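Novice:
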DNA sequence: TTCGGAACTGCAACGTGTTTCTATTATGAC
DNA sequence: GTCATAATAGAAACACGTTGCAGTTCCGAA
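Protein chains in written order, with this note's numbering: chain U, 3 to 205; chain V, 3 to 205.
#1: Note down, in chain order, each residue of its chain lying with its Cβ closer than 6 Å to the Cβ of residue 72 of chain U, except the 5 sequence neighbours on either side.
#2: Below 7 Å between beta carbons is the criterion; list the residues of the region 125 to 154 of chain U that meet it against any residue of chain V, in chain order.
#3: Using a C-beta cutoff of 9 Å, does residue 21 of chain V count as contacting chain U?
#4: Between residue 4 of chain V and chain U, is there a C-beta pair that is closer than 9 Å?
#5: Pick helix, strand or coil for residue 91 of chain U, following the three-state DSSP scheme.
#6: Could you work out which residue in V:97, V:8 and V:9 is closest to residue 151 of chain V when comparing CA atoms only?
#7: Quick one: using the 10 Å Cβ neighbour count with 16 as the cut-off for buried, is residue 124 of chain V buried or exposed?
#8: Along the chain, which unbroken stretches of the alpha helix (DSSP H) at least 4 residues long are found entirely within the region 112 to 157 of chain U?
#9: Starting from residue 198 of chain V, find everything on chain U with Cβ-Cβ shorter than 8 Å and list it in chain order.
#10: What are the residues in the region 58 to 90 of chain U lying within 8 Å of chain V by C-beta distance?
#11: Which stretch, first to last residue, makes up the alpha helix (DSSP H) that contains residue 55 of chain V?
#12: Just the chain U side, please: which residues come within less than 7 Å of residue 177 of chain V by C-beta, in chain order?
#13: Would you please verify whether the beta carbon of residue 111 of chain U is less than 9 Å from any beta carbon of chain V?
#14: Please confirm whether residue 197 of chain U and residue 103 of chain U have their CB atoms less than 9 Å apart.
#15: Grouping DSSP H, G and I as helix and E and B as strand, with all else coil, what is residue 52 of chain V?
#16: Thinking just about the alpha-carbon of each residue, which of U:41, U:83, U:23 and U:127 is nearest to the one in residue 54 of chain U?
#17: If you measure from the beta carbon of residue 184 of chain U to each beta carbon in chain V, is any gap under 9 Å?
#18: I believe residue 117 of chain V touches residue 38 of chain V by the beta-carbon criterion, under 8 Å. Please report the beta-carbon distance rounded to the nearest angstrom.
#19: What did DSSP end up calling residue 106 of chain U once you bin it into helix, strand or coil?
#20: Is residue 43 of chain V helix, strand or coil when you go by DSSP?
#21: Using beta carbons (cut-off 9 Å, strictly below), is residue 42 of chain V in contact with chain U?
#22: Kindly examine the ligand ADP and report whether one of its heavy atoms sits closer than 8 Å to the Cβ of residue 21 of chain U.
#23: Of the choices U:135, U:157 and U:181, whose alpha-carbon is the least far from that of residue 186 of chain V?
#24: Beta-carbon within less than 6 Å of residue 164 of chain U's beta-carbon, same chain only, minus the 5 sequence neighbours each way: which residues are those?
#25: Chain V partners of residue 103 of chain U, CB-CB under 7 Å?
#26: Based on Cα-Cα distance, which residue from U:142, U:51 and U:25 lies nearest to residue 101 of chain U?
#27: For residue 180 of chain V and residue 45 of chain V, I'd like the C-alpha separation in whole angstroms.
#28: Could you name the residues of chain U that residue 180 of chain V contacts, counting a contact when the two beta carbons are closer than 7 Å?
#29: Compute the Euclidean distance between the alpha carbons of residue 84 of chain V and residue 90 of chain V, then round it to the nearest angstrom.
#30: Label residue 76 of chain V either buried or exposed according to how many other C-beta atoms from any shown protein chain fall within 10 Å of its C-beta, with 16 as the threshold for buried.
#31: Please list the terminal residues of the continuous alpha helix (DSSP H) segment that includes residue 75 of chain U.
#32: Could you tell me which chain U residues have their CB closer than 7 Å to the CB of residue 121 of chain V, listed as they occur along the chain?
#33: Measuring CA to CA, which of V:115, V:41 and V:88 is closest to residue 155 of chain V?
#34: What distance in whole Å lies between the Cβ atoms of residue 61 of chain V and residue 9 of chain V, which are believed to be in contact at a cut-off of 8 Å?
#35: Residue 208 of chain V touches chain U at which residues, Cβ-Cβ below 8 Å?
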């Protein structure tokens, strides 16, 4: 099964190619931020990134691949800015809630972008497994780090239990974001639901 | 905001109209069952339901509305068959796992249908809020009933706590189904993840 | 520097969800 | 039964994701 994946930064030999990739993702984020999922139109992305449509499809084999890759980059950028300081809070539950509140506020600060990224993530099918997996790992890492707090050491594998808990919380977080993005819940309800879930799951 | 909703059975005056609606949903389920989300093509649904394309759109304003309505009907049918007998199991956790196992097996018995219905559910935007809400209510009802067990009485409002728990479990259940449908998790992993979550949330 | 292949451009075309429009048919008030 | 109105059929057209292709440009090996 040679599923066609998105080209990652490492796949790309020349600086010009890495720059093309960057421009494409920048254009994607910009368009998503302006009008959500529907505004991310492949022709528009190509034009704004100053790249031919065919080239766009060579880098990202579908709109969903494109958006999930954009999500991965966003996530990575955010995490690299935050992950130096330890997560504040005395209990796992406090720390997880702190992290999620931060992340949720970030997402809610740009509803259109969140719309585009979460909808793509939820709609992704098997062909996007690789890209999805990247995001899943990032999310798990963020949450297990918060669960462990001071006890966290770089590179160490979290326990199965912690991973299971992290997965449950990610599931709830994603669903909650979807509910918010689609107007089925307010920002407050969303935050509350997430925190309730965290308290239920963490002791 | 007068969002256009799907026509429900009660909206429809004549028997001929209710029959058209039924034929449309039958065709939707049949096509979904054969080829999943992509196979539910509006022209194909219209043809198989013996209805003009414009009529199909009068009954269901989009493919997503159509599929989520189909999901609601499926859910309702299943529940009405099951909800007479009490849920077996001595603890809330056992009962919820029983119910979810049943439901999950049902979904996994028809992967294509599940693909179509869950993907539609997750992709739905604000305009589908009404239809989504129906399904959410059904799911909550199923779960709170399982949580309460013998103590359940028809028509009584479940406690806030039980509703919160039910929502967390639905979130996880849906995410797990999506992972399974998109080939990111096997049936066993899916079942295991769901049961882990239930045990975490229910004491 | 030259050459061959890979990458890129520009553009046309296709499939499917959605919209629109006109002609026809069913329905309900009188 | 007649008429006004709503519902439906049928078909064309549009929008956007995706594919295919001919020509051009870039890049590394010789």
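Note that beta-carbon positions come from the ideal geometry of N, C-alpha and C, so glycine has one too.
These numbers were taken from a predicted model, which means no experiment stands behind them.
Specialist: Let me spell this out:
#1: 27, 30 and 31
#2: 125, 126, 127, 128, 131 and 134
#3: no
#4: In this predicted model, residue 4 of chain V has a pLDDT of only 43, less than 50, meaning its place in the structure is not dependable enough to derive any value.
#5: coil
#6: V:97
#7: buried
#8: 113 to 125 and 131 to 150
#9: 166 and 170
#10: none
#11: Counting along the chain, the alpha helix (DSSP H) containing residue 55 of chain V begins and ends at 55 to 61.
#12: 173, 176 and 177
#13: No, no contact with chain V.
#14: yes
#15: coil
#16: Nearest C-alpha to residue 54 of chain U: U:23.
#17: yes
#18: 4 Å
#19: helix
#20: coil
#21: For residue 42 of chain V, no CB of chain U lies under 9 Å from its own CB, so it is not counted at the interface with that chain.
#22: The ligand ADP is not part of the structure shown, which contains no ligands of any sort.
#23: U:135
#24: 146 and 149
#25: Here the premise fails: no neighbours, minimum Cβ distance about 17 Å.
#26: U:142
#27: 26 Å
#28: Result: 124.
#29: Those two C-alpha atoms are separated by around 12 Å.
#30: buried
#31: Note, residue 75 of chain U: alpha helix (DSSP H), 65 to 84.
#32: Simply 125.
#33: V:88
#34: 5 Å
#35: The structure shown does not extend to residue 208 of chain V, since chain V is modelled only from 3 to 205, so the question has no answer here.
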